[in-house]
Each structure stands twice: as structure tokens, then as C-alpha cells.
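Structure record follows, encoded as C-alpha cells.
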Amino acid sequence: MSLPRFAPFPDVEVRQHILPVEWTVYLDTWTSLAELHLRLSDSQFRNAIIEDASSLTTFLTSFFHELANDDSLLPQTLLLRKKCFFLLHRIYSEDNVPAPLLGWSLLSDACRIFSKSAQFRSLLERLWKRKAASIENSLQPAKISLIKYLDSKIPEKAQSTLEKLAALLRLSPDAGMYMITGSDFLDSLCNAHPKVDTSFQTKLTTTAYLGLISLLGGAKPNFSALSDHLYSLKANGEQQAKIGAAQTSLIADLVTNTPLLHKIRDKATVPEAARVKNFATSLSSFQQLSVARPKKLVRRKVDKGKSQATEDEHGHGAFDEIHVHRMSMISQIQDLFADLGSGFVVKLLDEYNDNIEEVTAHLLEDSLPPHLANADRSEPIPSLSAAKPHFTPRPTPTAVERRNIFDNDEFDRLAVDASRLHIGRRNAKSTADTILSDRTAAPRKSAIISALAAFDSDDDERDDTYDVEDVGGTVDSAAPGPDEADVDLRDKNEEALFRAYTTTPDLFARDAESRRGKARTALKSETGMTDEVIEGWGLMMGRDPKRFRRLRAKFSAFYGQQTQLASTSWRATPAGSDAEVIEASGEGQGQRGGRGGGRGRGRGRGRGGGGRGDGNVAGPNDEKGTQVSRQRKEANKSSRANHNRRDQRARKMARGGLPG
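So this is what it looks like as C-alpha cells:
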């Protein structure tokens, strides 16, 4: 059975012609229908969204639009608003969300209604992660139209759109990040700021502030984009100052009337934010007291002591709940009539409105009314009622239940096998001799010998020439990670751009001829960048002399590429001179102390035969002699001293011998 369809929420003109009784019925009907949709199971709710998507979507869109633009509806639609929030939450939690409910207009209306709801903020954040493409597609036309109107001669046309967009930017940092991405939108705000009145300037400043602050949100703030925007704002402010319009610039309004600089200083605590922090410090010079808007005065309620009086505020509790002034009246009457009780005097004062003279006259004339004349004249003041506690008694704490690690085990559940139960020791008749003679659980001799064979206690029994511990440092055998690869690629691209900038600065010109040139094409193929990125890099390089000096010092110095390290040890020349000579790397002189063809790495105790090859194992990789020497070294390694001794010792230990 399908549920009834939703009727759209009427606008203001239609609501004016609806009677109050009928309007109440309409609200109850919408609330009941929303409750029925919420009670559906997940599968039924998905089918209801698909089957009734048009009516449900139209109702939610019209309801949130009217509620966001008419505050008088809030008291009447509290329950319906709650049900619609639950409907929206459930729809946004599904995978298939109707496209009209992902439009920025509906999201903005919902943000105005639920501006203080933390649940809606988190719901919007999760929705943006799953449906970012759809929401950004709906925001793109609004962004384009705003840029068009702000750059026109009548920027006031964008006022209504900015007012509606501000509610979404306050609750969604993702929306602010999308709007501020790129320099077009921020440049349009800067251009329109001096042309409009003060009220519209406030809205432009608020939009720019929300967009810039969104770059500081999230787990990883985008300090790079924020620094670029701050630099652009600073350049615009300096340009306005040159023409004498510094007070009308957007940056002056931002740093004076918004907490932008304080937010940046609080967030910029990591080393990557050093540049942003420096920009924030330099922007302090744009503060203008003349453009500061007066702060809204908050009228604080002054305590005038007019609160409700408590029981003991005037001393009633000190004299049996009777005011001290009345006690004075009772004392005066009892001084004249000592036989009267305090309770009877209180009744007299109540009868004659605390008039002592009138009470005294009636007592002397004995003209009291019948209910007082027949009353007990020695009646005391009634006793106080039991004092009521002013605090809620604490509930009785539950009994403490001790727990241990054996709870709910097989013994606790009485599921253990009876054959495993015993009193005292398991084998009461066993002695130490029987336990030691039982070798069923003892380790085998072969396992012990194998473990001893694997353990090498003598460091001289193996060749540790090329061990990591003996080469004089650690060897990083791990492959470079993605971060290191990105750094290398960035340095390579930056070096190519810098060398092209120093040789031919015209290569970075922003014209069609330079873009079609062969030099630009070669630079794009080398760096993998687009024309806009290359031209932007050249523009930033021209504006930042510190960066130019840093890159010149980085890429104009020694590259650190040294393919061969020559020996500096002293060798006597054939002529007997004292000059230093370099060993031949591939001649195979067979000098004493070497292990082969002049490698120069021997320890001085070799046989001195030498001359077996014309290569060097430590030579360049592209030489044939180096490869041959390395193959011979690996082929003959097993026939050398340490390796034979190590293998023979392993065989002896495997046969059961002992180290000696």
C-alpha cells in the first residue's frame, strides 16, 4: 500500500487566504504524513523516495524556502520542522539522493533554518564528502553569475545571491573552499568593494572572510592557497593606496572589521604556515580606524534586587517564621497583657492589620469579635513545619560486584570434563626421580644441535667485510616514498623553470605567440605543466625577489655529481719523486696488497699475484671491465678462506661436535 503524496507548501499569497482552522489541519496532515514516511523500513523508504520523489522533493524544497524567508512560521511549524529534518537526514544518508535536494539553494535555506544545529553541520560535512561533484555542479552557475555581476557596472545585482550564499558558507567550509578556489571570485569582490555602499560592503567583506577562513579548516589547512590570496589582497590594497582610496579597499575592511588576522595567527602554528604568518603580520599595516564599524552594544541586565523574595531573606526563619518587626509588636502587647500567648496575639494583629493601638483598645474594652473572644488566650505560636530539603536525594548505589579473569570460563559454566578434575596435585604418586626420568616432553638432541649450528659465537668465522655494521654508516635500502618522489619532481621542474627564466624571461609572457612557440612547448613537455601554471610561476617570480635569490643560490652552485672518487694515498713514482699518483683502475699492475687488477681496496695481506683482470668492481656501471670483475668476484667467493672455514665448522656442528 503506497502512502499519499505530499502537497507543496504554499507561499505567502496563498497562506493569506487560508483560514486558521484549515491551516491547522494542513499542518497536522503534513506532520502525520512525514511521520508515516519515517516509520517505513529502509527498503520501503528507498522505494518511497523513488516512487514519490517529485512530491516529497517539491514539498521539502518549498517548505524550507518559505520557512527560511518567513520567521513568523517558526512557532507554528515546530513539530513539522523536526519531522522534515529527520526526513532530510534519512534521505541524505542514502546512496541515491534526488538531484533537487543537492542544489545549493535548498542547502542554503536549510542552513538558515538549522544554523545552530551541530547535527546538521556534521550531516552536511558527510554529504559533501559523498556528493561533492553534484553540489559543486549546482554551485558553479551561481559562482559564474556572481563574478559577472560583481565585475559589471551595477554590482548590486549580486546582493541577493550573496545574502543567500552566506548562510551556506557559515556552516560548510567545503562550500567556502570551493568558492574561494581560484583568483576570479576574490578579484571580483575586490573590484566591487569600492563601488558599493556601506551595507553592501559589509556583505562583500563577510563573504571574503568566510571563504578565507574555510582554507584554515579541516585536518590539513591549505596554507599555500591562503598565502596566494593574501598576497593578491595585499597587492590590491597597495594599488588602492597609490590612487588615494586605501580606506575603500577590501583588505582594509577585512583586517579592521573581521578577526581574520587573529584566526590566522591561532591556526598558523606549523612550520608550513610560516609564510602565511608573515603575510598576516604585514597586513596589519592596512588597519584603518576610520573604516571601523561601531560594535553592537549588548545591553546587560542590571540586577536591581527585584527578584522574588526567599523565605529567610528578611529573617522570618529566625523567629519561628515570623518577621522580626511582628515579634516586636507581640512583645509590646505582651508587656501590657502578660497572660496572652504569642499565638493569640498574632491572631489579634492579623484581625486588626498590625495596628497595636486598635488591638490594645479592643482588649481593654473587651470588645473582641466572637471567634477571638472564645479563643484560647494562652495559645503559643504553632511549631515550625519540618524543614524541606533543597536537594534531590541521591539514589542508592548498586552493590559492588567483584569480577576476575575466570568469569564465564568452562569451570564457571560447569562445562569442564570430569576427568580433568582432581584434588591436590594431578599425579600425587610421582616423585622427582620419575619426573626427571620421563623424557617424553624433553627436546630432541637434533633440535638442540641444529640450534647450536645456527648460532655463531665467533665473529672471525665469517666474512663481515660488507656487513652494514662495518661499512661505516647505515645503508638506506628502502625505495623512495611518494613524498620523496614528489619533492624530486618538484625540484626538477623548478630547476627547469628557473633556468628558462634566467636565460629567456620572454618565454613566460602571457600572449598567444609565446604560448605557440617551440620553447614554450618544450618547457611544457619537460615539466608537464600547463600554460597558466608556467605563466603564473613567472609572474610570482617577478614579484618575489627573495624567491629568485633563493633559487639562484640553489641551482647556480655545485650540483654534487661526482662519478669517480680518486685515491689520495701517497705512492712512490718510478722516478722516486714524492708526488701522489692515482692507482690504475684497470691495468692490473699486480701490486702487493691488492686482490686483483689494481682495485686499491686490499688490506695489505693478499698474495700479491694480481693482474687477473682489467676492471674494478667499484668502477662505473657502464664499463665492461667493471661487470667482468664483479662476476669473477661472485664466482670465486666460495673458494676463499673465511667461507670455507665457516662451512666446515657448520658441518662439524651438525655432526654433533662441540665448539673448541
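Under UniProt numbering, think of the first position of the sequence shown as 1, with each following residue one higher.
In this text, a Cβ means the ideal position worked out from N, Cα and C, and glycines have one as well.
Please classify V475 as buried or exposed, where buried requires at least 16 neighbouring CB atoms within 10 angstroms. For V475, the predicted structure reports a pLDDT of 49, less than 50, and the residue's modelled location is therefore unreliable. A value from the coordinates is still provided. It is exposed - the Cβ of V475 has fewer than 16 other Cβ atoms within 10 Å.
If you draw a straight line from the alpha carbon of N222 to that of L215, how long is it in whole angstroms? 5 Å
Taking only the alpha-carbon atoms, compute the straight-line gap between K143 and K306 and give it to the nearest angstrom. 55 Å
Alpha carbons only, please: which of Y92, W30 and T77 is nearest the one belonging to F45? Y92
Exposed or buried, L168, counting other C-beta atoms within 10 Å across all chains shown (16 or more means buried)? buried
Simplified DSSP state of K220, which is helix, strand or coil: coil
Could you check the C-alpha separation between Y149 and F185 for me, to the nearest Å? 11 Å
Taking the beta carbon of E532 as the centre, do at least 16 other beta carbons fall within 10 Å, making it buried, or is it exposed? exposed
Same chain only: Cβ atoms within 6 Å of T360, ignoring 5 sequence neighbours per side: none
Are L233 and C190 touching if we call contact CB-CB under 8 Å? yes
Supposed contact pair D339 and S378 - C-beta distance, whole angstroms, cut 8 Å: 7 Å
Three-state class that DSSP yields for R655 in the structure shown: coil
Let me know the secondary structure DSSP gives Q76 once reduced to three states. coil
Can at least three beta-carbon pairs, one atom from the stretch 508-526 and one from the stretch 535-542, be found at a separation below 8 Å? yes
May I have the straight-line CA-CA distance separating M327 from L80, to the nearest angstrom? 59 Å
Near S227, what residues of its chain come up, given a Cβ to Cβ distance below 7 Å and the 5 sequence neighbours on each side ignored? R275, V276 and F279
Grab me the residues of residue 667's own chain with a C-beta within less than 8 Å of its C-beta, minus the 5 sequence neighbours each way, in chain order. The displayed coordinates of the chain run from 1 to 660. Any statement about residue 667 would go beyond what the structure contains.
Cβ distance (whole Å) where P259 is taken to contact K195 below 8 Å: Actually they are not in contact, since the Cβ atoms of P259 and K195 sit about 26 Å apart, beyond 8 Å.
For K131 and L102, which I take to be in contact (beta-carbon distance under 8 Å), what is that distance rounded to the nearest angstrom? 6 Å
Return the chain-ordered list of same chain residues with a C-beta closer than 7 Å to the C-beta of Y231, the five sequence neighbours on each side being excluded. F279
In angstroms with no decimal places, state the Cα-to-Cα distance between K116 and D409. 51 Å
So, does the stretch 238-246 touch the stretch 197-207, judging by three or more C-beta pairs under 8 Å? no
For I180 and G211, believed in contact at Cβ under 8 Å, the rounded distance: 3 Å
Residue range of the unbroken alpha helix (DSSP H) whose run includes V359: I356 to E365
Cβ atoms of F85 and F9: under 8 Å apart, would you say? no
Cβ-Cβ distance between V345 and Q334 below 8 Å: yes
Sequence-distant residues of the same chain with beta carbon closer than 7 Å to R112, five excluded per side: A68 and A167
Tell me whether P75 is buried or exposed, calling it buried when 16 or more other Cβ atoms sit within 10 Å of its Cβ. exposed
Nearest candidate by alpha-carbon position, reference A7, set A268, H17 and D28: D28
With the cut-off set at 8 Å, would you say E526 and A496 are in Cβ contact? yes
Less than 8 Å between the beta carbons of T61 and P4, yes or no? no
Look at S284 and L261 and say whether their C-beta atoms are less than 8 Å apart. yes
Using DSSP with H/G/I as helix, E/B as strand and the rest coil, what is Q159? helix
Check this for me: beta carbons of L146 and Y178, under 8 Å apart or not? no
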